[in-house]
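Asks: Handing you a structure now.
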Amino acid sequence: MAKSYEMDMCSGPLPGKVLRFAIPLMLSSILQLLFNAADVIVVGRFAGSTSLAAVGSTGALTNLLTNVFLGLSIGTNVLVARYYGARQEKNIEETIHTSMMLALIGGGILVVLGLLLARPLLELMGTPEDVLDKAALYMRIIFVGCPAMMMYNFGSAVLRAVGDTKRPLYYLSVAGVLNIVLNLFFVIVFHMDVAGVALATIISQCLSMALVVNCLRKEEGPLKFSLRKMRIDRAKFVAILQIGLPAGLQGAIFSISNVLIQSTVNSFGSIAMAGNTAASNIEGFVYVAMNSMYQSSISFTGQNMGAQKYKRVNRILYVCQGYVCLFGISLGLLAYFFGTVLLGFYTNDPEVIKYGLLRMSIICPTYFTCGIMDTLVGSLRGMGYSVIPMIVSLTGACGLRIVWIFTIFKFLSPTLTTLYISYPVTWIVTALCHLITFIVIRRRFPKDDVVSTA
């Protein structure tokens, strides 16, 4: 069943395999970020700071609505990886077709939610009047592309589960080039402002979706996808929900805390919003490098759990944590030291740059602690545990962050500096809690591999 683009994660040295798996995944995530960065840079340079703030103000809210459904793709990743490690071909096939049907249904639901709720939720966040109309328009157009986004993400989750991170990279490369070209065309030539960058984004998402679906349709064996076989298998649906729904809920509730932070940033005005948007985009490139280790820990742990190679589970975590610290510290410090230059790509306004540097001075040097936290969660989910890390994350990171805003920020020091400090504090506390959880759960499984007698 193995092919050249697939990877046996259950044997051989781990450091090299993890890196070969993670680098294409990292580059794919960077290309996805470039979709958003291209939007932000084009509107910031050619449409002004109000349009820049409008695009940036929708990010946390969009994540709030999409994360529940995107979280289900983690369930797909874990299940396919586990069945692949156990060589259970029929289960792989049923999981793929159930997942793609879920993606299509979820994308349709998101279109309706986005069109109906965009403006009311933006108003609830306290989005300034000079930004509101553009932000609502941008968000509504983006949500029209949700079915394509969902099907791409679920299809990519299937490929990642068997070690294939190269082809999603190729597909996103093509879509990324198209996105940038259309951004410039719609904004500079047709003066479409935020509507132009939103339209460019969803067209490029449709292309990447078409490429990944076509890839699965041409597969041989259990990975082969057929539109006629798309249906919900009850057992696989329940299994996907058990792993993916807690992950999705965690992401959605995390987004609530981020929406609250965005609302607080909004109170400082559109210039602060624009600076926050530009800095967040730059930080995103550091995050995806670390997030590739989160994805690696899920897939590698999932395959080895399926193959009952329990001795490798701890080593997978050690290797992924080593890489996440290396990437997080080095890239975070580089982003911080070159912050002025990087922010200059997004805007010429010195006030916007000043606000962006304020955020980056706090987030970038400490960002590796977020990576440590996420990689521990990846190992737990790869072992099949999703509810416990959800509870820990929501209590430690989300809950503590909300408490921070309504106590320390509100009553002691209502400044942006105090607001941004809530990030590293909650990352460190939550990472320690996840480490304790991992130690406890790991003891439930054998220390040594289980050798099949079949």
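In this text, residue positions in the sequence shown follow this note's numbering: the first is 6, and each later residue adds one.
Backbone N, C-alpha and C fix where the C-beta goes; we use that ideal spot for every residue, glycine too.
Is it true that the region 407-420 meets the region 253-266, where meeting means three or more beta-carbon pairs spaced less than 8 Å apart?
Replies: They touch, by the three-pair rule.
Asks: Taking the beta carbon of R2 as the centre, do at least 16 other beta carbons fall within 10 Å, making it buried, or is it exposed?
Replies: As displayed, the chain neither begins before 6 nor continues past 459, which places residue 2 out of reach and without an answer.
Asks: Spatial neighbours of L174 within its chain, please: C-beta separation below 6 Å, excluding the five flanking residues on both sides.
Replies: Taking the sequence shown and counting its residues from 1, one reaches residue 174 at position 169. Closer than 6 Å at Cβ, skipping near neighbours: P29, L32, S33.
Asks: Using the rule of at least 16 other Cβ atoms within 10 Å of the residue's Cβ for burial, across every protein chain shown, is P152 buried or exposed?
Replies: By one-based count along the sequence shown, residue 152 stands at place 147. P152 should be labelled buried.
Asks: Can you grab the Cα-Cα spacing for the pair A436 / G131, in whole Å?
Replies: Within the sequence shown, numbered from 1, the residue matching residue 436 stands at position 431. Within the sequence shown, numbered from 1, the residue matching residue 131 stands at position 126. Taking the straight line from one Cα to the other gives about 32 Å.
Asks: Whole angstroms are fine: how far does the CA of Q210 sit from the CA of A180?
Replies: The residue you call residue 180 lines up with position 175 of the sequence shown. The residue you call residue 210 lines up with position 205 of the sequence shown. One C-alpha to the other measures close to 7 Å.
Asks: Within 10 Å of its beta-carbon, does E128 have 16 or more other beta-carbons around it, so buried, or fewer, so exposed?
Replies: The residue you call residue 128 lines up with position 123 of the sequence shown. Exposed, because fewer than 16 other Cβ atoms sit within 10 Å of the Cβ of E128.
Asks: Given a cut-off of 8 Å on the beta-carbon distance, is the pair Y89 and A166 in contact?
Replies: Mapped onto the sequence shown, residue 89 falls at position 84. Mapped onto the sequence shown, residue 166 falls at position 161. Yes. Within cutoff.
Asks: Quick one: measure Cβ to Cβ for L399 and Q255, integer angstroms, because I've assumed they're closer than 8 Å.
Replies: By 1-based counting over the sequence shown, the position of residue 399 is 394. By 1-based counting over the sequence shown, the position of residue 255 is 250. Yes, L399 and Q255 are in contact; Cβ-Cβ is about 6 Å, under 8 Å.
Asks: Suppose the cutoff is 7 Å on Cβ atoms and the five residues either side in sequence are ignored; what does the same chain contact list for G289 look like?
Replies: Here residue 289 refers to the residue found at position 284 when the sequence shown is read from its first residue. L38.
Asks: Would you report the Cα separation of Y10 and V85, rounded to the nearest angstrom?
Replies: Sequence index remark: in the sequence shown, residue 10 carries index 5 (1-based). Sequence index remark: in the sequence shown, residue 85 carries index 80 (1-based). Their Cα atoms are separated by approximately 16 Å.
Asks: Please name the residue in N188, V397, P227 whose C-alpha comes closest to that of L385.
Replies: Within the sequence shown, numbered from 1, the residue matching residue 385 stands at position 380. If we check each option's Cα against that of L385, V397 comes out closest.
Asks: Tell me the DSSP secondary structure of C330 in three-state form.
Replies: Residue numbering aside, residue 330 sits at position 325 when the sequence shown is read from its first letter. In this structure, C330 counts as helix in the three-state DSSP scheme.
Asks: Just to check my reading of the structure: N281 and R364 have Cβ atoms closer than 8 Å, yes? What is that Cβ distance to the nearest angstrom?
Replies: By 1-based counting over the sequence shown, the position of residue 281 is 276. By 1-based counting over the sequence shown, the position of residue 364 is 359. About 6 Å; that satisfies the 8 Å criterion.
Asks: Spatial neighbours of A59 within its chain, please: CB distance less than 7 Å, with the 5 preceding and 5 following residues excluded, ordered by chain position.
Replies: As a first step, residue 59 is located in the sequence shown; it is residue number 54 there, counting from the start. So the list reads V136, K139, A140, Y143, V199, once near-sequence residues are dropped.
Asks: Output the boundary residues of the alpha helix (DSSP H) element that contains M14.
Replies: Sequence index remark: in the sequence shown, residue 14 carries index 9 (1-based). Where M14 is concerned, there is no enclosing alpha helix (DSSP H), given that its DSSP letter is neither H nor E.
Asks: Does the structure place the region 304-323 close enough to the region 10-27 that three or more beta carbon pairs sit under 8 Å?
Replies: The answer is yes - the region 304-323 touches the region 10-27, with three or more Cβ pairs under 8 Å.
Asks: Between the region 177-192 and the region 228-244, do at least 3 Cβ pairs fall closer than 8 Å?
Replies: At 8 Å Cβ cutoff, the stretches do not touch.
Asks: Of all the options R124, C220, V243, which has the alpha carbon lying nearest to the alpha carbon of L107?
Replies: Taking the first residue of the sequence shown as position 1, residue 107 is located at position 102. Checking every option, the nearest Cα to that of L107 belongs to V243.
Asks: With distances taken between CB atoms, is the gap from I368 to Y428 smaller than 8 Å?
Replies: Here residue 368 refers to the residue found at position 363 of the sequence shown. Here residue 428 refers to the residue found at position 423 of the sequence shown. Cβ distance < 8 Å, so I368 and Y428 count as in contact.
Asks: Could you compute how far the alpha carbon of V291 sits from the alpha carbon of Q300?
Replies: One-based indexing of the sequence shown puts residue 291 at position 286. One-based indexing of the sequence shown puts residue 300 at position 295. Each residue's Cα considered, the two are about 15 Å apart.
Asks: Among residues of its own chain, excluding the 5 on either side of L347, which ones have a beta-carbon nearer than 7 Å to its beta-carbon?
Replies: Within the sequence shown, residue 347 is the residue found at index 342, counting from 1. Correct list, in chain order: I287, A340.
Asks: Please identify the residue among A162, R92, I433 whose C-alpha is closest to the C-alpha of G2.
Replies: The question about residue 2 has no answer here: the residues shown for the chain are numbered 6 through 459.
Asks: Does the count of Cβ pairs from the region 57-74 and the region 214-226 closer than 8 Å reach three?
Replies: No: fewer than three Cβ pairs fall under 8 Å.
Asks: Compare the beta carbon distance of V192 and A283 with 8 Å and say whether it is the shorter of the two.
Replies: Here residue 192 corresponds to residue number 187 of the sequence shown, with the count starting at 1. Here residue 283 corresponds to residue number 278 of the sequence shown, with the count starting at 1. Their beta carbons are not under 8 Å apart, which means V192 does not touch A283 by this criterion.
Asks: Return the chain-ordered ranges of every beta strand (DSSP E) run that is complete within the region 193-232 and spans a minimum of 3 residues.
Replies: Counting whole runs of 3 or more residues, the region 193-232 contains no beta strand (DSSP E) stretch at all.
Asks: In angstroms with no decimal places, state the Cα-to-Cα distance between Q474 and T100.
Replies: This structure does not reach residue 474, given that the chain is present from 6 up to 459, and the question cannot be answered.
Asks: Just verifying my parser: in three-state terms, what is the DSSP assignment at S398?
Replies: As a working mapping, residue 398 is identified with position 393 in the sequence shown. Reduced to three states, the DSSP call for S398 is helix.
Asks: Express the C-alpha separation of I276 and P355 in angstroms, rounding to a whole number.
Replies: Here residue 355 corresponds to residue number 350 of the sequence shown, with the count starting at 1. Here residue 276 corresponds to residue number 271 of the sequence shown, with the count starting at 1. Approximately 10 Å between the Cα atoms of the pair.
Asks: Which word fits F26, buried or exposed, when buried means at least 16 other C-beta atoms lie within 10 angstroms of its C-beta?
Replies: Taking the sequence shown and counting its residues from 1, the one referred to as residue 26 is at position 21. Result: buried.
Asks: What's the gap between the Cα of T442 and the Cα of G333?
Replies: Position 437 of the sequence shown, counted from the first residue, corresponds to residue 442. Position 328 of the sequence shown, counted from the first residue, corresponds to residue 333. Computed Cα separation, rounded: 23 Å.
Asks: Whole-angstrom Cβ separation of T81 and S62, contact assumed at under 8 Å?
Replies: Within the sequence shown, the letter at position 76 stands for residue 81. Within the sequence shown, the letter at position 57 stands for residue 62. With 8 Å as the limit, T81 and S62 do not qualify as a contact, their Cβ atoms being about 31 Å apart.
Asks: Is the CB-CB distance between F273 and L66 below 8 Å?
Replies: Stepping through the sequence shown from its first residue, residue 273 is reached at position 268. Stepping through the sequence shown from its first residue, residue 66 is reached at position 61. Taking 8 Å as the Cβ cut-off, F273 and L66 do not qualify as a contacting pair.
Asks: Using the rule of at least 16 other Cβ atoms within 10 Å of the residue's Cβ for burial, across every protein chain shown, is M22 buried or exposed?
Replies: In the sequence shown, the residue the question calls residue 22 occupies position 17. Contrary to the premise, residue 22 reads as Lys rather than Met in this sequence. K22 comes out buried.
Asks: Are the CB atoms of L177 and A205 within a distance shorter than 8 Å?
Replies: Start at 1 with the first residue of the sequence shown, and residue 205 comes out as number 200. Start at 1 with the first residue of the sequence shown, and residue 177 comes out as number 172. Not closer than 8 Å, so no.
Asks: Alpha carbon to alpha carbon, how far is R239 from F148?
Replies: Start at 1 with the first residue of the sequence shown, and residue 239 comes out as number 234. Start at 1 with the first residue of the sequence shown, and residue 148 comes out as number 143. If you take the alpha carbons of R239 and F148, they lie about 28 Å apart.
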